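Only one structure is covered here, and it is reproduced in the block below.
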Amino acid sequence: MLTARTETILRSIVGQYITRATPVSSQSIISDYELGVSAATIRNEMAHLEQESYITRPHPSSGSIPSDKGYRYYV
Numbered sequence: 254m255l256t257a258r259t260e261t262i263l264r265s266i267v268g269q270y271i272t273r274a275t276p277v278s279s280q281s282i283i284s285d286y287e288l289g290v291s292a293a294t295i296r297n298e299m300a301h302l303e304q305e306s307y308i309t310r311p312h313p314s315s316g317s318i319p320s321d322k323g324y325r326y327y328v
C-alpha cells in the first residue's frame, strides 16, 4: 500500500516519463509539483518505489523509469 505522497510521486514519474520519454529525476519532480518536501525526501520515496518494483533506476544517480507494475498502478 502506498502513502498519498508516494502515490503522488509515482504518478508524477509515470506522467513525466510518458510525456518526455526520458528518465525522471527527483529535481524534475520538485520543479513540476509543489510537494513541500526536499529532494532527499523525494529520493527516499523513489528508493521505496524501486524496492516495491514500481520503478527502475539503472544507476542510483540516474532518473527513474516506470516498470510494468508502475504503469498498471497509474492506469
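254 is the number of the first residue of the sequence shown in our numbering; add one for each residue after it. Ideal Cβ positions, reconstructed from N, Cα and C, are used throughout, including at glycine. All figures in this text were calculated on a predicted structure; none of them were measured in a lab.
As DSSP reads the structure, V277 sits in a beta bridge with S317. Within the same chain, S320, K322 come within 7 Å of S306 by CB-CB distance, once the 5 residues on both sides are set aside. For T256, no alpha helix (DSSP H) encloses it, and the DSSP letter there is neither H nor E. Beta bridge pairing from DSSP links T272 with no other residue. In this structure E298 is buried. Its beta-carbon is surrounded by 16 or more other beta-carbon atoms within 10 angstroms.
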